[in-house]
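Asks:
Residue numbers (the UniProt record's numbering), protein chains in the order written: chain A, 1 to 693; chain B, 1 to 219.
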């Protein structure tokens with residue numbers, strides 16, 4: 001094997017190749033972790049899928065990957081630079097990693113004619129920089145790392161001297177050749193380990209963090225990493241040198257030289273790795289949805305121009321808001337469906353009435369209004385709102401209606417009450433607190449009694465005795481009860497006379513309405529239960545028919561008017577008052593009297609069967625019963641009211657009759673003691689029964 | 001060939017950090033000793049801002065995780081104790097049977113890495129510190145945790161540098177590569193025994209001594 005002088009490439013070719021590949025692999029490792037765009041573009045994860053056996057993948061590995069048993073990702077920057085540099089291994093390979101700002105050129109690499117790469121950001125460039133480069137040169141570029149890969153050949157290599165001495169050439173060469181594989185293996189193994197360390201080390205330095213961030217962000221950042229490769233080492237300034245930390249890998253001795261790898265790096269980067277993107281400045285969003293400056297306010301302004309919102313709405317909603325009213329000045333022109341529906345439901349009975357009648361209140365209803373002024377106002381405003389368009393101006397001065405409306409818009413609308421029907425709202429509000437005392441002096445006892453039942457004086461309503469009697473038979477449903485109560489109230493108000501059955505102000509007493517005890521319909525109910533308001537509980541046809549009859553009666557408008565006016569009042573009553581009135585009505589329900597009358601008749605008949613002398617009295621009793629029934633038949637209105645007195649009187653009458661009979665029997669007892677005793681037994685039994693009753 | 005031993009710097013870790021720390025250290029060491037064809041896999045620590053390198057060998061990963069689990073199990077039974085995890089590289093040599101009870105093969109350990117860990121439970125350990133400042137215990141705990149985590153990260157980084165230095169300084173003791181496997185040399189990960197904390201450890205040492213020959217016998 002021909003020997004070469006030590007000052008030249010004395011390394012065996014294989015060693016030289018190892019050295020050359022060592023340079024390349026080192027450059028590849030460094031640039032792979034410092035050149036973000038180049039490595040990211042060519043980064044292929046699939047190429048490095050971990051497999052249980054690397055031998056299977058070794059065949060697919062590229063030849064360069066096999067060097068040092070380290071298969072790396074593609075890095076064009078490293079490959080290009082190495083191809084230009086590979087001509088000389090005696091010159092060091094200096095790799096400067098730069099932290100570059102956006103204003104500067106992203107790649108400062110330039111080539112020299114000698115194949116060496118030039119610096120672009122230094123005043124000591126060998127080649128004049130173009131004006132463009134001068135413009136791009138900024139002071140923001142900073143060398144954060146410097147890698148120096150160097151092969152130092154021994155001028156006087158002990159191995160070389162021994163090998164290439166004149167007299168021992170043959171023996172040295174032979175020994176050299178025999179030791180080359182060993183040396184190669186050693187050198188190669190050591191370079192493998194060194195490159196392993198380099199691969200781990202490059203990822204521990206701060207610059208790798210910037211590299212990762214630049215790779216992961218994938219966006220144009222003002223900061224970037226660049227590199228420059230030079231064949232010489234430009235010394236740092238004192239300041240730079242003071243900042244740098246050095247780390248040197250243990251050099252690898254080769255037969256004719258030594259491979260060394262050193263790095264100078266900045267231990268800490270001053271927030272240069274921070275995200276260059278400008279963060280969103282915190283600012284208050286004034287025009288957020290739902291805020292005071294957004295549309296909801298404007299909406300209320302338009303509503304205000306249209307008219308104030310229902311007063312009672314504001315009152316009811318006031319508690320749900322703690323804010324002031326002032327900031328709500330506008331609102332959406334269209335109210336929420338739920339809100340409008342709730343209002344419609346709440347004021348439904350009044351919606352049916354023409355707007356112009358809303359404020360027309362009969363004198364009879366004035367007292368009612370006086371008693372329930374607040375509720376009336378609420379209802380009035382509600383009616384006004386509902387009757388008129390949402391944008392129409394309201395006649396009544398209202399308070400903070402925009403606020404109420406806004407409140408309903410911006411907050412969940414609490415639907416005040418479920419749909420009860422036409423009469424429900426009417427009745428509930430029409431029911432005042434229960435009061436057994438009549439509220440209208442000067443009324444007849446019957447009317448007073450009626451009023452006692454009707455706790456609240458409501459607007460007059462049409463009622464007929466037959467309607468009252470009707471209710472006695474069939475079990476009143478809840479809606480019917482409410483209707484009955486309201487009708488009774490209205491009737492009481494309309495009673496200006498002692499007459500029962502004739503209701504001033506209402507001319508709905510239709511002769512078509514038959515008066516019969518068997519009827520279970522309340523005429524009051526019929527009068528009210530017209531098509532203008534619905535009773536959810538009264539689905540009977542009779543009611544409908546009676547309503548129709550009411551419509552056909554005279555003064556339909558008057559009826560409507562009265563109904564409206566009366567309707568206002570019932571709306572004012574509370575549910576508690578309605579319950580109280582209902583209780584009163586139940587107590588005076590006509591069917592009870594009818595049943596009692598039947599029972600009386602049966603008892604009388606019973607007595608008749610066992611005691612003939614009492615037949616006369618039975619007849620008398622029957623006559624009494626008939627008499628008692630007759631006024632009820634004539635006046636269904638007062639039937640319930642007169643039931644109690646007639647029952648008591650009748651009972652007293654019966655008692656008197658029995659007493660007379662007893663005296664008569666006692667007189668005859670002496671002559672016919674035995675027969676009287678037998679006769680008395682049924683009488684006693686009847687009397688016992690009588691007493692029990 | 002002597003057995004090179006490297007005692008790594010002690011790390012104070014929490015139970016939740018054991019896995020991450022051990023994975024980082026063990027994989028880094030093995031990567032330096034995996035002289036076969038390797039396609040490195042960069043792995044970011046879960047708890048630290050450190051990227052370490054794995055060989056990409058699934059079997060290695062499985063073994064390491066298995067040992068880590070054993071160690072964690074032991075730590076749970078022996079909390080707040082200092083412990084070691086040993087990574088050993090050896091050679092297998094056929095031993096001449098001098099007597100009938102001897103093993104035919106022996107392990108020649110040529111490198112051992114001792115990972116020193118001090119597992120600390122901050123809940124029990126931190127209460128004593130926070131007892132005097134009960135005003136904002138949550139904030140203090142967070143601050144302490146973050147500072148402790150940062151110091152641990154720095155210490156872990158130093159441990160990795162320590163490994164690199166050791167690997168670079170000691171190269172002559174590495175035996176020759178005789179196979180084309182990724183992991184060129186057999187290795188062994190030893191964790192404290194769960195049976196007996198102290199005695200079990202010594203049992204493993206004795207076992208290793210029986211398996212290995214005298215260092216002077218190795219060439």
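Note that CB positions come from ideal geometry on N, CA and C, so glycine has one too. Everything numeric in this text was worked out from a predicted model, so none of it was measured.
Along the chain, where does the beta strand (DSSP E) that runs through residue 257/A open and close?
Replies: It spans 257-265 - the beta strand (DSSP E) in which residue 257/A sits, taken as one unbroken run.
Asks: Can residue 201/A and residue 93/A be called in contact, C-beta distance under 8 Å?
Replies: Their beta carbons are not under 8 Å apart, which means residue 201/A does not touch residue 93/A by this criterion.
Asks: By alpha-carbon positions, which one of 181/A, 590/A, 227/A ends up nearest to residue 141/A?
Replies: Minimum Cα distance to residue 141/A is reached at 227/A.
Asks: List, in order along the chain, the chain B residues whose C-beta lies closer than 8 Å to that of residue 194/A?
Replies: Residues of chain B passing the Cβ test: 168.
Asks: Using 10 angstroms around the beta-carbon of residue 11/B, count the other beta-carbons present and answer buried if the total reaches 16, otherwise exposed.
Replies: When all chains shown are included, residue 11/B counts as buried.
Asks: Going along the chain, which residues of its own chain have a beta-carbon closer than 6 Å to the beta-carbon of residue 82/B, five neighbours each way excluded?
Replies: Once the five neighbours on either side are set aside, the close Cβ partners of residue 82/B are 118.
Asks: What residues in the stretch 18-33 of chain B have a beta carbon less than 9 Å from any beta carbon of chain A?
Replies: The residues in question are 28, 31, 32, 33.
Asks: Quick one: is residue 92/B buried, meaning 16 or more other Cβ sit within 10 Å of its Cβ, or exposed?
Replies: When all chains shown are included, residue 92/B counts as exposed.
Asks: Quick one: which residues of the stretch 32-63 of chain B get their C-beta closer than 9 Å to a C-beta of chain A? List them in chain order.
Replies: Going along the stretch 32-63 of chain B in chain order, one finds 32, 33, 34, 35, 36, 37, 38, 39, 40, 41, 42, 44, 49, 50, 51, 52, 53, 54, 55, 56, 57, 58, 59, 61 with a Cβ nearer than 9 Å to chain A.
Asks: In angstroms with no decimal places, state the Cα-to-Cα distance between residue 669/A and residue 652/A.
Replies: Rounded to whole angstroms, residue 669/A to residue 652/A spans 25 Å at the Cα level.
Asks: Could one say the Cβ of residue 54/A lies closer than 8 Å to chain B's Cβ atoms, at least one of them?
Replies: Its pLDDT being 43, under 50, residue 54/A is placed unreliably in this model, and the coordinates cannot settle the point.
Asks: Our contact map puts residue 244/B next to residue 22/B with C-beta atoms below 8 Å; I'd like the distance itself, whole angstroms only.
Replies: What the structure shows of chain B is the stretch from 1 to 219, and residue 244/B is not part of that stretch, so it cannot be assessed.
Asks: Pick from 212/A, 235/A, 18/A, 80/A: whose alpha carbon is nearest that of residue 192/A?
Replies: Among 212/A, 235/A, 18/A, 80/A, the Cα nearest to that of residue 192/A belongs to 18/A.
Asks: Give the secondary structure of residue 234/A by DSSP, where H, G and I count as helix, E and B as strand, and everything else as coil.
Replies: DSSP places residue 234/A in coil when its eight states are reduced to three.
Asks: Helix, strand or coil for residue 41/B? Go by DSSP, reduced to three states.
Replies: In the structure shown, residue 41/B sits in a strand (DSSP, three-state: E or B).
Asks: By DSSP, does residue 241/A sit in helix, in strand, or in coil?
Replies: Residue 241/A falls in the helix class under three-state DSSP.
Asks: Taking just the CA atoms, how far does residue 21/A sit from residue 705/A?
Replies: Since the first and last residues shown for chain A are 1 and 693, residue 705/A lies out of range.
Asks: Can you tell me where the alpha helix (DSSP H) holding residue 24/B begins and where it ends?
Replies: Start and end: 18-33.
Asks: Since residue 89/A is in the alpha helix (DSSP H), which residue starts that stretch and which ends it?
Replies: Here residue 89/A belongs to no alpha helix (DSSP H), and DSSP marks it neither H nor E.
Asks: I'd like to know whether the C-beta of residue 23/A is nearer than 8 Å to at least one C-beta of chain B.
Replies: Judged by the 8 Å Cβ criterion, residue 23/A is not in contact with chain B.
Asks: Could you tell me whether the stretch 32-44 of chain B touches the stretch 177-192 of chain B, using the rule of 3 or more Cβ pairs below 8 Å?
Replies: With the cut-off at 8 Å, the stretch 32-44 of chain B and the stretch 177-192 of chain B touch.
Asks: Mind checking which residues open and close the alpha helix (DSSP H) that includes residue 89/B?
Replies: Per DSSP, residue 89/B belongs to no alpha helix (DSSP H); it is in the beta strand (DSSP E), 82-94.
Asks: Looking at the structure shown, is residue 161/B part of a helix, part of a strand, or coil, going by DSSP?
Replies: Helix, per DSSP.
Asks: With 9 Å as the C-beta to C-beta threshold (strictly closer), list the residues of the stretch 201-221 of chain A near chain B in chain order.
Replies: The residues in question are 201, 203, 204, 208, 209, 212.
Asks: Less than 8 Å between the CB atoms is what I'm expecting for residue 190/A and residue 257/A, so what's the real figure, rounded?
Replies: Contact doesn't hold; Cβ gap of about 13 Å is too wide.
Asks: If you measure from the beta carbon of residue 69/A to each beta carbon in chain B, is any gap under 8 Å?
Replies: Closer than 8 Å to some Cβ of chain B, the Cβ of residue 69/A qualifies, so yes.
Asks: If the cut-off is 7 Å on Cβ atoms, which residues from the stretch 236-260 of chain A count as contacting chain B, listed in chain order?
Replies: Within the stretch 236-260 of chain A, the qualifying residues are 249, 250.
Asks: Can you tell which of 97/A, 89/A, 32/A has its C-alpha closest to the C-alpha of residue 71/A?
Replies: The shortest C-alpha separation from residue 71/A is found at 32/A.
Asks: Whose CA, out of 204/A, 584/A, 233/A, 664/A, lies closest to the CA of residue 34/A?
Replies: Residue 34/A has its Cα closest to that of 204/A, out of 204/A, 584/A, 233/A, 664/A.
Asks: List the whole-angstrom C-beta distance separating residue 197/A from residue 32/B, where the pair is believed to meet the contact cut-off of C-beta under 8 Å.
Replies: Yes, residue 197/A and residue 32/B are in contact; Cβ-Cβ is about 7 Å, under 8 Å.
Asks: If we ignore side chains and look at the alpha-carbon of each, how far apart do residue 16/B and residue 47/B end up?
Replies: C-alpha separation (whole angstroms): 9 Å.
Asks: Output, in sequence order along the chain, the residues in the stretch 145-158 of chain B whose CB is closer than 8 Å to any CB in chain A.
Replies: Here the close residues are 157.
Asks: Are the beta-carbon atoms of residue 144/A and residue 265/A separated by less than 8 Å?
Replies: In contact: residue 144/A and residue 265/A (Cβ atoms closer than 8 Å).
Asks: Is there at least one Cβ from chain B nearer than 8 Å to residue 14/A's Cβ?
Replies: Answer no: the Cβ-Cβ gap between residue 14/A and chain B never drops below 8 Å.
Asks: Does the pairing of the stretch 67-83 of chain B with the stretch 156-166 of chain B give three or more beta-carbon distances under 8 Å?
Replies: Judged by Cβ distances under 8 Å, the stretch 67-83 of chain B makes no contact with the stretch 156-166 of chain B, as fewer than three pairs qualify.
Asks: Please look up how many angstroms separate the CB atoms of residue 194/A and residue 149/A, rounded, as I've assumed it's under 8 Å.
Replies: In fact, because the Cβ distance is near 10 Å, the residues do not count as touching under 8 Å.
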